[in-house]
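Same order as they appear, the protein sequences are chains A and B.
In terms of this note's numbering, the first sequence has 108 at position 97, counting the first letter as 1, and numbering is strictly consecutive.
In terms of this note's numbering, the second sequence has 311 at position 300, counting the first letter as 1, and numbering is strictly consecutive.
One structure is given here, and the rest of the page talks about it.
Protein chains: 2
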Amino acid sequence: MEQIPGAADIIRVRKIIEPYIRRTPVHTSSAVDSICGCQLFFKCEQFQKVGAFKFRGATHAVMTLNERDARKGVATHSSGNHAQALALAARNRGIEAHIVMPQTAPKIKVEAVAAYGGKITFCQPTLPDREATLLKVRAKTGAVEIHPYNDYRIIAGQASAAAELYEDEPGLDCLVAPVGGGGLLSGSILSSKFFSGKTKVYGAEPEQANDAWKSFRQKKLIPVEKALTIADGLRTSLGCRTFPIIAEGAADILCVEEAAIIRAMMLIWERMKLIVEPSAAVALAAVLEHRDLFAGKRTGIILSGGNVDLMNLPWMDPQHFGKH
Amino acid sequence: MEQIPGAADIIRVRKIIEPYIRRTPVHTSSAVDSICGCQLFFKCEQFQKVGAFKFRGATHAVMTLNERDARKGVATHSSGNHAQALALAARNRGIEAHIVMPQTAPKIKVEAVAAYGGKITFCQPTLPDREATLLKVRAKTGAVEIHPYNDYRIIAGQASAAAELYEDEPGLDCLVAPVGGGGLLSGSILSSKFFSGKTKVYGAEPEQANDAWKSFRQKKLIPVEKALTIADGLRTSLGCRTFPIIAEGAADILCVEEAAIIRAMMLIWERMKLIVEPSAAVALAAVLEHRDLFAGKRTGIILSGGNVDLMNLPWMDPQHFGKH
Numbered sequence: 012m013e014q015i016p017g018a019a020d021i022i023r024v025r026k027i028i029e030p031y032i033r034r035t036p037v038h039t040s041s042a043v044d045s046i047c048g049c050q051l052f053f054k055c056e057q058f059q060k061v062g063a064f065k066f067r068g069a070t071h072a073v074m075t076l077n078e079r080d081a082r083k084g085v086a087t088h089s090s091g092n093h094a095q096a097l098a099l100a101a102r103n104r105g106i107e108a109h110i111v112m113p114q115t116a117p118k119i120k121v122e123a124v125a126a127y128g129g130k131i132t133f134c135q136p137t138l139p140d141r142e143a144t145l146l147k148v149r150a151k152t153g154a155v156e157i158h159p160y161n162d163y164r165i166i167a168g169q170a171s172a173a174a175e176l177y178e179d180e181p182g183l184d185c186l187v188a189p190v191g192g193g194g195l196l197s198g199s200i201l202s203s204k205f206f207s208g209k210t211k212v213y214g215a216e217p218e219q220a221n222d223a224w225k226s227f228r229q230k231k232l233i234p235v236e237k238a239l240t241i242a243d244g245l246r247t248s249l250g251c252r253t254f255p256i257i258a259e260g261a262a263d264i265l266c267v268e269e270a271a272i273i274r275a276m277m278l279i280w281e282r283m284k285l286i287v288e289p290s291a292a293v294a295l296a297a298v299l300e301h302r303d304l305f306a307g308k309r310t311g312i313i314l315s316g317g318n319v320d321l322m323n324l325p326w327m328d329p330q331h332f333g334k335h
Numbered sequence: 012m013e014q015i016p017g018a019a020d021i022i023r024v025r026k027i028i029e030p031y032i033r034r035t036p037v038h039t040s041s042a043v044d045s046i047c048g049c050q051l052f053f054k055c056e057q058f059q060k061v062g063a064f065k066f067r068g069a070t071h072a073v074m075t076l077n078e079r080d081a082r083k084g085v086a087t088h089s090s091g092n093h094a095q096a097l098a099l100a101a102r103n104r105g106i107e108a109h110i111v112m113p114q115t116a117p118k119i120k121v122e123a124v125a126a127y128g129g130k131i132t133f134c135q136p137t138l139p140d141r142e143a144t145l146l147k148v149r150a151k152t153g154a155v156e157i158h159p160y161n162d163y164r165i166i167a168g169q170a171s172a173a174a175e176l177y178e179d180e181p182g183l184d185c186l187v188a189p190v191g192g193g194g195l196l197s198g199s200i201l202s203s204k205f206f207s208g209k210t211k212v213y214g215a216e217p218e219q220a221n222d223a224w225k226s227f228r229q230k231k232l233i234p235v236e237k238a239l240t241i242a243d244g245l246r247t248s249l250g251c252r253t254f255p256i257i258a259e260g261a262a263d264i265l266c267v268e269e270a271a272i273i274r275a276m277m278l279i280w281e282r283m284k285l286i287v288e289p290s291a292a293v294a295l296a297a298v299l300e301h302r303d304l305f306a307g308k309r310t311g312i313i314l315s316g317g318n319v320d321l322m323n324l325p326w327m328d329p330q331h332f333g334k335h
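Set out below in structure tokens:
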């Protein structure tokens with residue numbers, strides 16, 4: 012897939028991945044609606060296989076590899092959900108997945124990658140070392156790199172989440188998706204354009220990793236320097252393929268503080284009985300912190316994933332509240 | 012409702028409560044299936060209104076009161092989910108709910124009752140004081156008592172959960188429901204008898220509150236003396252209306268230790284991304300601890316509720332693990 016996916020591409024991709032993915036449910040909560048002052052529809056990607064939307068894109072990329080490439084396996088560097096997603100997608104196709112992970116990745120995510128049969132190589136938690144280690148692994152194995160987001164195959168796969176949501180809930184006024192590398196947001200923008208033309212799409216981003224916010228405003232790619240957010244899935248920066256789609260199609264990028272992310276996460280856990288990771292809570296935090304934008308609107312929210320370490324929840328750590 | 016509900020009663024009750032309750036989804040997990048060695052279907056009552064199945068029975072009891080009784084309001088003593096359920100059901104009918112709660116009830120449950128408009132009177136955490144306080148409240152208000160479980164209207168309401176499950180997943184080999192006072196288990200037994208004749212129904216009970224296990228074996232009601240289980244919804248004993256249904260219809264009562272309850276709870280949280288309270292995890296714990304009984308079987312599990320205090324989760328408390 013060499014150019015920005017079109018409507019027909021996304022429809023085709025949905026058929027390709029359908030046998031492997033879960034059609035995730037849409038949850039609602041009158042309690043959360045009345046707190047937010049709007050009508051919210053939560054697309055529950057924490058119930059997706061591997062516990063995150065990332066399995067959609069990874070499955071598409073792996074299942075459409077040609078036979079010769081597939082035989083050498085796939086490889087990526089990822090601190091989390093993309094790693095699990097690629098490992099399971101590869102296992103579903105019967106090929107190897109080589110995963111480069113920073114030593115600082117949450118234990119629960121490392122164990123999950125191993126459980127899906129991924130072959131893990133650890134590296135330093137810096138982008139240069141991640142890339143260097145990945146190059147070494149690829150040189151040794153010949154594996155094909157599957158980038159977590161800066162790849163049209165991935166973007167088209169992630170687009171399927173919003174496309175499903177629009178089938179279940181037609182005519183949404185707004186959609187809010189978290190933005191890290193931008194795979195989910197750019198895919199959501201494409202599905203909105205093709206399948207729900209009047210829906211405004213917002214990206215939701217931690218202030219501590221606000222590269223999308225900066226890039227969107229200055230109309231050029233400005234990578235994040237140091238992302239200290241609790242939303243570990245959103246520490247990455249936009250790529251050259253995700254940024255142009257977002258620059259053209261997003262209604263806005265909305266930033267939220269760390270304490271607001273934790274509050275939104277607790278609200279989803281307590282009132283909706285849904286386990287979501289901090290990155291997934293960023294979208295609801297954006298609605299809560301910018302409620303004028305959404306007042307009275309039918310608004311979709313993509314809950315991006317639910318992989319958390321139960322032994323280390325943010326509200327157990329006074330540091331997170333102390334900062335604000 | 013003066014006698015054990017029949018098939019026609021349960022069908023009628025379902026129509027009465029349908030406008031008020033949620034039709035809760037059934038979740039599955041291939042990861043949990045392979046750990047347990049059987050095929051599990053989880054009926055998700057944590058997504059029921061008020062976060063627990065109790066809303067089914069309370070709604071039925073409140074909505075079928077005659078106009079004269081209803082005007083005086085309803086009353087109960089409850090440490091938790093029945094209190095919330097009765098408060099919301101009463102609000103839905105536009106009448107008052109008087110709730111007697113022990114001072115030791117979890118804060119999150121007290122706040123929820125208040126949020127649903129329930130009028131709370133606190134008492135000592137002993138059965139005699141709960142009953143005495145309730146009598147005083149009823150003497151003052153004339154409110155009708157709605158017992159949490161020992162009432163055929165309640166039993167018929169709780170029966171609707173299993174009836175829905177059998178519609179969604181016909182032909183289950185087994186069903187496991189937690190047992191405290193026995194409202195959910197006796198209702199599940201009735202629905203199984205009428206709508207899924209070949210399904211064996213098991214009660215799952217904490218060893219620390221094993222009155223149902225004792226009563227079932229000795230064929231007479233033996234109330235629990237001191238129930239120190241973490242599964243706070245299951246500390247009560249069977250009643251004169253629930254026990255005979257269970258004695259006749261249960262395949263067995265299965266007991267589990269506290270550590271097994273916590274392990275099962277973490278498994279549901281981590282692998283299924285579902286928030287369930289300890290009482291709900293008891294049913295999965297029973298499957299894990301008695302796996303020979305369920306090997307290869309299509310087994311339904313009723314996840315009874317999801318009301319937990321996120322600031323006070325069992326795995327954060329070393330005492331719970333230290334005991335075993």
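Quick reminder that beta carbons are idealized off the backbone N, C-alpha and C, glycines included.
With contacts defined as CB atoms closer than 7 Å, R309/A and D179/A fail to qualify as a contacting pair. Ranked by Cα distance from Q57/A, the first of A154/A, R67/A, K118/A and Q229/A is R67/A.
Listed in chain order, the alpha helix (DSSP H) runs fully inside the region 120-153 of chain A are 138-152, counting runs of at least 4 residues. I257/A sits away from L176/A, with the two beta carbons spaced by 7 Å or more. Fewer than three pairs of CB atoms, one per stretch, sit closer than 8 Å, so the region 220-238 of chain A makes no contact with the region 269-277 of chain A.
A81/A and G168/A have their C-alpha atoms spaced approximately 18 Å apart.
Annotation: the continuous beta strand (DSSP E) that includes G311/B extends over R309 to L314. Residues of chain B with a Cβ closer than 7 Å to the Cβ of P36/A are, in chain order, P36.
Around G193/B, the same chain offers Y160, A223, L249, G250, T253, F254 and I257 as residues with beta carbons nearer than 7 Å, after the five sequence neighbours per side are excluded. Cβ-Cβ separation between V37/A and C49/A: approximately 15 Å, too far for a contact (criterion under 8 Å). Look at G214/B here: in three-state DSSP terms it is strand.
At least 7 Å separates the CB of I46/A from every CB of chain B.
In the structure shown, M276/B adopts helical secondary structure according to DSSP, grouped into three states. Proximity of chain A to E180/B at the Cβ level (cut-off 7 Å) is not reached, the minimal Cβ distance being about 16 Å.
S171/A and L186/A do not touch by the CB rule: their CB atoms are close to 14 Å apart, not below 8 Å. Under the three-state reduction of DSSP output, I32/B falls in the coil class, being neither helix nor strand. Following the DSSP letters along the chain, one finds F66/B inside the alpha helix (DSSP H) bounded by residues K65 to M74. Of G317/B, L324/B and E281/B, the smallest CA-CA separation from S40/B is found for E281/B.
Close to chain B, meaning a Cβ-Cβ distance shorter than 7 Å, is no residue of the region 86-97 of chain A at all.
Inter-residue distance for L321/B and I279/A is about 11 Å (C-alpha atoms, whole angstroms). As the crow flies, the alpha-carbon of M276/B is around 15 Å from that of L245/B. The Cβ atoms of G316/B and G62/B lie closer than 7 Å to each other. Residue-level contact by beta carbon fails for K118/A and chain B, as no gap is shorter than 7 Å.
For C266/A, the pairing in a beta bridge is given by DSSP as E216/A. No residue range can be given for I106/B, since it is assigned to no alpha helix (DSSP H) and is classified by DSSP as neither H nor E.
Using a 10 angstroms sphere on the CB of S45/A, the tally of other CB atoms stays under 16, which defines it as exposed. In this chain, the beta strand (DSSP E) harbouring C185/A covers C185 to P189. With a threshold of 7 Å between beta carbons, I286/B makes contact with chain A.
Between I22/A and T70/A, the CB-CB gap reaches or exceeds 7 Å. Taking 7 Å as the cut-off, the Cβ atoms of V73/A and R104/A count as close.
For the options W326/A, Q135/A and G128/A, the alpha carbon positioned closest to that of T115/A is the one of Q135/A. Counting C-beta atoms within 10 angstroms of its own C-beta, E259/B has fewer than 16 neighbours from the protein chains shown and is therefore classed as exposed. In terms of beta-carbon proximity, G214/B stays away from the interface with chain A, with every pair separated by 7 Å or more. Under the three-state reduction of DSSP output, L285/B falls in the strand class. Exposed is the label assigned to T137/B, since fewer than 16 other Cβ atoms lie within 10 Å of its Cβ. The beta carbons of L97/A and I157/A sit closer together than 7 Å.
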